[in-house]
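Everything below concerns the one structure shown next.
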Amino acid sequence: MRTRGYVAHAAQTELVPYEFDRRDLRPRDVALRILYAGICHSDIHQVREEWGRSLFPMVPGHEIIGEVTEVGADATKFRVGERIGVGVFVDSCRHCERCTRGLEQYCLDGMTPTYNGYERDGATLAFGGYSRDFVVDEDYAVHVAQSLDPAGAAPLLCAGITLYSPLRHWKVGAGSRVAVIGLGGLGHMGVQFSHALGAETTVFSHSPNKADDAVALGADHFVDTSDPTVLRGYRDRFDLVINSTSADIDLNPYVRMLDVDGTLVIVGLSGVPVALQQEHLTSARRSVSGSQIGGVAELQEMMDFCATHDITARVELTDAQGINRAWDRTVASDVKYRFVIDASTF
Ligand code: NAP
Ligand code: ZN
Ligand code: ZN
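Counting from 1, position 280 in the sequence shown corresponds to residue 390 in my numbering; the numbering is continuous, with no gaps.
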């Protein structure tokens, strides 16, 4: 099927309009008309090659909400007209030990990314959600409740699951003491989830103008880190610290904020190696870990959790023509709190 979107033809270039083809439906595929696509900082990192070499032309976008327009002959999961979501990957090997445990995001054979990668045939470049239409195998899409605002639901597909998964894995609940570093697209979802799970939640942000929003989103405390010396006042007091910043920040003061056996989870990917003082780990049996999005079943669990708790992203809408400007504002931490593209403008 012929469709329209926005593309980067090379690293560092601005995105421009693009016409291209999506594959014809395979028996287990569904086609969707995209309603909204979120702008994730990972889109920017990849077009700007901040993580290494990328594949061009690149149609970014992996926070996709749409309505099903057609179902393949053997597809049974969704009905035409239903609202569905597609996230950061669109396939995986389906039989390795990790895929069978619902950890497709860590597939031993490599998941198929929604863009900037090849489909399972190893030859077809995958194009993402900055576009009007999409085709996906039904096993890699999730149901989205009609009660959720579709624009606010789009960022759940990446920003949401990336914070939900570690909060669940480290068993956050009532009595947990959680810190979230960075109140961006990911961070502002983490605050909402941490609060909904019953944890005492603290935000560390270098943007003092976000303080009121942090509290409105459910934070118990807001710490302005524009003066880094304040960090000394928070040693030994958290069970879980999640770094959701996109920038290369010194994590050592944050490791020291962990209580004994606490864990710092890295989800933000600046692309720059991290240097840690060993004694900050040894002096209280602290851990540093990392986490990447979530599997399909967990993505559905999070979607259902959001419907139950009425959780969505706070979004600023942009039309297709505004994408490049939205990227600049995202890099400047000047978005509250996620840009979402109105896909009808492609
Ligand atoms: P974002 O919306 O741009 O938010 C990043 C936040 O980091 C900003 O809002 C800002 O928060 C903080 N920040 C930015 N520059 C900073 C600086 N110089 N010093 C201190 N703090 C700074 O980005 P995002 O979409 O949430 O993504 C965040 C990171 O996670 C990106 O690196 C992205 O690639 C990565 N990511 C990882 C996964 C995964 O699976 N692990 C999934 C999605 C994204 P304050 O203004 O509050 O300080
Ligand atoms: Zn993302
Ligand atoms: Zn696998």
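Virtual Cβ for every residue (Gly too), placed ideally from N, Cα, C.
Fewer than three pairs of CB atoms, one per stretch, sit closer than 8 angstroms, so the region 188 to 196 makes no contact with the region 210 to 221.
Residue pairing for Phe332: DSSP places it in a beta bridge opposite Val313. Under the DSSP definition of a beta bridge, Glu177 partners with Arg143 and Arg193. Counting along the chain, Arg114 sits inside no alpha helix (DSSP H); it lies in the beta strand (DSSP E) bounded by residues Arg112 to Val117. With a cutoff of 7 angstroms on beta-carbon distance, Ala261 and Val450 are scored as near each other. Within 10 angstroms of the beta-carbon of Glu124 lie fewer than 16 other beta-carbons, which makes it exposed. Within the region 246 to 293, the complete alpha helix (DSSP H) segments at least 4 residues long are 260 to 263 and 269 to 279, listed from N- to C-terminus. DSSP places Asn319 in no beta strand (DSSP E); its state is neither H nor E. Taking the Cβ atoms as the reference, Tyr228 lies roughly 16 angstroms from Pro170, outside the contact range of under 8 angstroms. With respect to Ser241, Gly381 sits apart: the two C-beta atoms are not nearer than 7 angstroms. Under the criterion of beta carbons closer than 8 angstroms, Ala423 and Ala251 do not qualify as touching, at roughly 19 angstroms. The Cβ atoms of Met367 and Val351 lie closer than 7 angstroms to each other. Between the C-alpha atoms of Gly343 and Asp358 there is a straight-line separation of about 22 angstroms. For Asp349, no alpha helix (DSSP H) segment is defined; the enclosing uninterrupted segment is the beta strand (DSSP E) at Phe348 to Asn353. Listed as beta-bridge partners of Phe244 by DSSP are Leu142.
For Glu159, the secondary structure class from DSSP, reduced to helix, strand or coil, is coil.
For Asp452, same chain residues with a beta-carbon under 6 angstroms away, outside a window of 5 residues either side, are Leu427 and Asp429 in chain order.
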